[in-house]
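Chemist:
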Amino acid sequence: MDSLPTAISFDSQRYLIPDIVYLICQQAHRTYGMRRVLCVLARTSRLFYEPALSYVWSDLNDIVPLVKLLPEDVWSFRYGAFGIRGIKIERDIQPSEVSRVLSYARFIKSLEVPNTSMPQVFGDFLVRLAEALQGRMLLPNIQDLIWEPGNDYEFPVIHAYLGPNIKRLKISLRGMYGSIPSRRLAFLYAWKLSDAYPSLESFTFNNTQLGKQAAVNIVSHIIRGWAHLQILSVSNLTPDAFQYIASLPDLKQLTLNDMADVSPIPSPPPIPQNGVFPALRDLNIVYGHPDIGIGLLQTTVCASLTNLKISLPCDAEHGNGILEVIRDHSAAHSTLQSLLVQSSETPFVNGAPSDITPTALKTESLRGLFVFINLSAVQLEIAGGFDLDDAGIEEMARAWPRLESLWLRTGAATPHQRPRLTLRALVILARECPALATLGVGYLDATMDALNAARSFAGDRPVVNKHVYSIDIRHSPIDDIQQVGLFLCTVFTGLEAVYQGLFGISWSREMSGMDPAI
């Protein structure tokens, strides 16, 4: 006799109606265009009221909804300069008039206070609301705050819009209406943010050219009070602050977006093997002197980077130096997925602008990066570009078969030299990188001879790529853009446009009279 089947235990806790209600609201919140459904549910069902409101109010990208919760005589619509419709705060807000604001604000988890909102709000709303609170907490569940008020008078009241659960904070010194950044700068010390909110995980600070080094000093002082930072984005750091963040156990993303010619590296620099940047995954640096970048990258060689973005001025010599130190990131050989290196064409050498004409880098310079076997996005715009041939592209494509996005600045070894790279290289990329969706190669031979050679190489039934929507070959010599576009459509069947030159689309499927891509 067969044994009875094993009974499956039923967990009634998983099927409570309130849980199902929250799941419905969660799904509606995640679905584009469903906010109206949440509003209807909140108005028509007592069961859905709180769950639906919690999602409707969870993310605010301006302060207008808070204004509209106040009594109607507190604010009014007005037309300002150029006929722009705005909201004017007509009088002070009384403490007894904020109960409705408090009721809804408790749901807010993310709030953006932008330079300007649409419609614009005039009349020091942020200050008047802060005063009416009389110490009551407005946003007990706030986790994410972007603080960029347009008015300097409103900038100091940030504490009224923070709460004990704050995790991410972005502050900008840039304002509107005649804002003076140096006036805002003085408040950074007074706020004592790291003392009041020691558990902050993400800090972004947008600086301005006025009082630049003073801002770096103050922000560096603040940062050294946070021990749990995971994301940091600032213009630059003092050497002491750099030494501090290099030892943070949880720092995953670091952006230093305006170092210019001031290095944050302490002397002596941190030794990478001694637990420097143990959790770093994303690094984005912008600087004005090549030596700064090389020195900084040498401190991160033991980090298992996923994304690396560098903006710098350099010639071919400094470009080679940067590529070599990138190659030395052995811990990232299997983890790096996105690499962007972008240089201007007037490098700073010894601290002064130079008129050096950038020369092209050789294939060997690119070959050093082939150790990063899992790259999916590559953008390399260095000096005069890479003097590659089709064989070099084939070697690259086989090293990076997972490529989804590629932009290469390519060039010639000598001025006016015909490019060694040809349309055949694009056919190779279609074959070797099946996931490729974004493609740009700055300089290749697309003349009629190169086109005929590419047709012969592709054959009657070429391996096709369905993902590439547009191709940028902006500086390439072309005899017949129409013929080039039609040929590329046989290889990249989803292709809609080819960009050649600096003035937009040179060829499109629509202009050629072809049927839309399927």
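Start counting the sequence shown at 1324; every next residue gets the next number (our numbering).
A virtual CB, placed ideally from N, CA and C, is assigned to each residue, including glycine.
Since the structure is predicted, the reported quantities are computational estimates derived from the model, not experimental observations.
1. Considering only their Cβ atoms, is the gap separating PHE1526 from LEU1552 smaller than 8 angstroms?
2. With a cut-off of 8 angstroms on the beta carbons, I'd call THR1622 and VAL1599 a contact; round off their distance for me.
3. Output the boundary residues of the alpha helix (DSSP H) element that contains SER1419.
4. Closest by CA to ALA1700, which one among THR1761, PRO1394, LEU1749, GLY1708?
5. Provide the residue(s) that pair with ASN1607 in DSSP beta bridges, ordered along the chain.
6. What does DSSP give as the partner residue(s) for TRP1398 in the beta ladder?
7. So, is LEU1346 buried or exposed, given that buried needs 16 or more other C-beta atoms within 10 angstroms?
8. Where does GLY1765 land, buried or exposed, given buried means 16+ other C-beta within 10 angstroms?
9. With H, G and I counted as helix, E and B as strand and the rest as coil, what does DSSP make of LEU1560?
10. Just to confirm my understanding: we take PHE1400, look at its own chain, exclude 5 residues before and 5 after, and list those with CB closer than 8 angstroms. What are they?
11. Quick check: the Cα distance between SER1831 and VAL1750, rounded to an integer number of angstroms?
12. Whose C-beta lies closer than 6 angstroms to the C-beta of ARG1423 among residues of the same chain, with five residues either side of it excluded?
13. For LEU1646, I'd like the list of residues in its chain whose CB is within less than 7 angstroms of its CB, leaving aside the five on either flank, ordered along the chain.
14. Can you confirm whether the stretch 1486–1500 touches the stretch 1455–1469 when touching is taken to mean that 3 or more C-beta pairs between the two stretches lie within less than 8 angstroms?
15. Roughly how many whole angstroms lie between the Cα atoms of VAL1542 and CYS1625?
16. Look at the alpha carbon of PHE1333 and the alpha carbon of ILE1340, and state the distance between them as a whole number of angstroms.
17. Taking buried to mean at least 16 other C-beta atoms within 10 Å of its own C-beta, is HIS1482 buried or exposed?
18. If we ignore side chains and look at the alpha-carbon of each, how far apart do LEU1811 and GLU1717 end up?
19. Quick check: the Cα distance between LEU1508 and GLY1708, rounded to an integer number of angstroms?
20. Got a sec? Which residues, its chain only, sit under 8 angstroms from TRP1380 by beta carbon, not counting five neighbours each side?
21. Taking just the CA atoms, how far does GLY1406 sit from LEU1434?
22. Where does PHE1815 fall in DSSP's three states?
23. Which residues bound the alpha helix (DSSP H) around ARG1491?
24. By alpha-carbon positions, which one of SER1627, TYR1484, ALA1513, ILE1633 ends up nearest to ILE1617?
25. Out of VAL1814, GLY1824, LEU1809, PHE1815, which has the shortest C-alpha to C-alpha gap to MET1834?
26. Would you mind sorting MET1771 into buried or exposed? The rule is 16 or more other CB atoms within 10 Å of its CB.
27. Between the Cα of VAL1390 and the Cα atoms of PRO1374, GLU1413, LEU1376, which residue gives the shortest distance?
28. Taking the C-alpha atoms as reference points, what is the distance between LEU1383 and ILE1469?
29. So is VAL1539 buried or exposed if we call it buried at 16+ other beta carbons inside 10 Å?
30. Please state whether DSSP places TRP1549 in a helix, a strand or coil.
31. Can you list, in chain order, the residues of its chain with a C-beta nearer than 8 angstroms to that of GLN1349? Leave out the 5 residues immediately preceding and following it.
32. What number of angstroms, rounded off, separates the C-alpha of TRP1549 from the C-alpha of SER1522?
33. Please confirm whether PRO1562 and PRO1589 have their CB atoms less than 8 angstroms apart.
34. Out of GLY1642, LEU1744, ALA1720, ALA1583, point me to the one whose CA is closest to LEU1703's CA.
35. Since TYR1378 is in the alpha helix (DSSP H), which residue starts that stretch and which ends it?
Modeler: A quick look at the data gives this:
1. Counting from 1 along the sequence shown, the entry for residue 1552 is found at position 229. Counting from 1 along the sequence shown, the entry for residue 1526 is found at position 203. In contact: LEU1552 and PHE1526 (Cβ atoms closer than 8 angstroms).
2. In the sequence shown, the residue the question calls residue 1622 occupies position 299. In the sequence shown, the residue the question calls residue 1599 occupies position 276. THR1622 to VAL1599, Cβ: 6 angstroms. Contact.
3. Reading the sequence shown from its first residue, position 96 is the one you call residue 1419. In this chain, SER1419 is not harboured by any alpha helix (DSSP H), its DSSP state being neither H nor E.
4. If you number the sequence shown from 1, residue 1700 lands on position 377. Proximity to ALA1700 across THR1761, PRO1394, LEU1749, GLY1708 peaks at THR1761, based on C-alpha coordinates.
5. In the sequence shown, the residue the question calls residue 1607 occupies position 284. Answer is THR1578, LYS1632.
6. What you label residue 1398 is simply residue 75 of the sequence shown in a count that begins at 1. Paired residues: ILE1412.
7. Position 23 of the sequence shown, counting from 1, holds the residue named residue 1346. Exposed, because fewer than 16 other Cβ atoms sit within 10 Å of the Cβ of LEU1346.
8. As a position in the sequence shown, residue 1765 is number 442, starting the count at 1. Classification of GLY1765: buried, given that the 10 Å Cβ count is 16 or more.
9. For the purposes of this step, residue 1560 is identified with residue 237 of the sequence shown, where counting begins at 1. Note: LEU1560 maps to coil in three-state DSSP.
10. Walking along the sequence shown from the start, residue 1400 turns up at place 77. Counting only Cβ-Cβ distances below 8 angstroms, and skipping sequence neighbours, we find ARG1408, GLY1409, ILE1410, LYS1411, PRO1442.
11. Walking along the sequence shown from the start, residue 1831 turns up at place 508. Walking along the sequence shown from the start, residue 1750 turns up at place 427. A direct Cα-to-Cα measurement between SER1831 and VAL1750 gives close to 19 angstroms.
12. As a first step, residue 1423 is located in the sequence shown; it is residue number 100 there, counting from the start. Taken in chain order, the residues that qualify are LEU1392.
13. Start at 1 with the first residue of the sequence shown, and residue 1646 comes out as number 323. Within the same chain, SER1688, GLY1691, LEU1692 come within 7 angstroms of LEU1646 by CB-CB distance, once the 5 residues on both sides are set aside.
14. Yes, the stretch 1455–1469 touches the stretch 1486–1500.
15. Taking the sequence shown and counting its residues from 1, the one referred to as residue 1542 is at position 219. Taking the sequence shown and counting its residues from 1, the one referred to as residue 1625 is at position 302. Using only the alpha carbons, I get a separation of about 27 angstroms.
16. What you label residue 1333 is simply residue 10 of the sequence shown in a count that begins at 1. What you label residue 1340 is simply residue 17 of the sequence shown in a count that begins at 1. In this predicted model, PHE1333 has a pLDDT of only 44, less than 50, meaning its place in the structure is not dependable; the value taken from the coordinates is given anyway. So the alpha carbons of these two residues sit roughly 15 angstroms apart.
17. Taking the sequence shown and counting its residues from 1, one reaches residue 1482 at position 159. Answer is exposed; the Cβ neighbour count stays below 16.
18. Residue numbering aside, residue 1811 sits at position 488 when the sequence shown is read from its first letter. Residue numbering aside, residue 1717 sits at position 394 when the sequence shown is read from its first letter. Distance between the alpha carbons of LEU1811 and GLU1717 is about 18 angstroms.
19. To locate residue 1508, count along the sequence shown from 1; it is residue 185. To locate residue 1708, count along the sequence shown from 1; it is residue 385. When rounded, the distance between both Cα atoms is 41 angstroms.
20. For this step, residue 1380 is matched to residue 57 along the sequence shown. The answer, listed in chain order, is PRO1388, TYR1427, ALA1428, PHE1430, ILE1431.
21. Here the question's residue 1434 lines up with position 111 in the sequence shown. Here the question's residue 1406 lines up with position 83 in the sequence shown. Annotation: LEU1434 to GLY1406 spans about 28 angstroms, alpha carbon to alpha carbon.
22. For the purposes of this step, residue 1815 is identified with residue 492 of the sequence shown, where counting begins at 1. In the displayed model, PHE1815 falls within a strand according to three-state DSSP.
23. As a first step, residue 1491 must be located in the sequence shown, where it is residue number 168. Residue range 1491–1495 is occupied by the beta strand (DSSP E) that includes ARG1491, with no alpha helix (DSSP H) assigned at that position.
24. Your numbering for residue 1617 matches position 294 in the sequence shown. Residue nearest to ILE1617 within the set SER1627, TYR1484, ALA1513, ILE1633 is ILE1633 (criterion: CA-CA distance).
25. Within the sequence shown, residue 1834 is the residue found at index 511, counting from 1. Of the listed residues, the one whose Cα sits closest to MET1834 is LEU1809.
26. Stepping through the sequence shown from its first residue, residue 1771 is reached at position 448. Here MET1771 is exposed, its C-beta having fewer than 16 other C-beta atoms within 10 Å.
27. One-based indexing of the sequence shown puts residue 1390 at position 67. Ranking PRO1374, GLU1413, LEU1376 by Cα distance to VAL1390 puts GLU1413 first.
28. The residue labelled residue 1383 in the question sits at position 60 within the sequence shown. The residue labelled residue 1469 in the question sits at position 146 within the sequence shown. LEU1383 and ILE1469: Cα-Cα distance of roughly 10 angstroms.
29. Residue 1539 sits at position 216 when you count from the first residue of the sequence shown. Around the beta carbon of VAL1539, a 10 Å sphere encloses 16 or more other beta carbons of the protein chains shown; the residue is thus reported as buried.
30. Residue mapping note: residue 1549 aligns to position 226 of the sequence shown, counting from 1. It is coil, neither helix nor strand.
31. Here residue 1349 refers to the residue found at position 26 of the sequence shown. Within the same chain, and ignoring the five residues on either side of GLN1349 in sequence, the residues whose Cβ sits closer than 8 angstroms to its Cβ are TYR1378.
32. The residue labelled residue 1549 in the question sits at position 226 within the sequence shown. The residue labelled residue 1522 in the question sits at position 199 within the sequence shown. Going from the Cα of TRP1549 to the Cα of SER1522 covers about 7 angstroms.
33. Position 239 of the sequence shown, counted from the first residue, corresponds to residue 1562. Position 266 of the sequence shown, counted from the first residue, corresponds to residue 1589. In this structure, PRO1589 lies closer than 8 angstroms to PRO1562 by Cβ.
34. Translated into positions along the sequence shown, residue 1703 becomes position 380. Residue GLY1642 is the option with its Cα nearest to LEU1703.
35. Walking along the sequence shown from the start, residue 1378 turns up at place 55. Per DSSP, TYR1378 belongs to the alpha helix (DSSP H) from 1369–1379.
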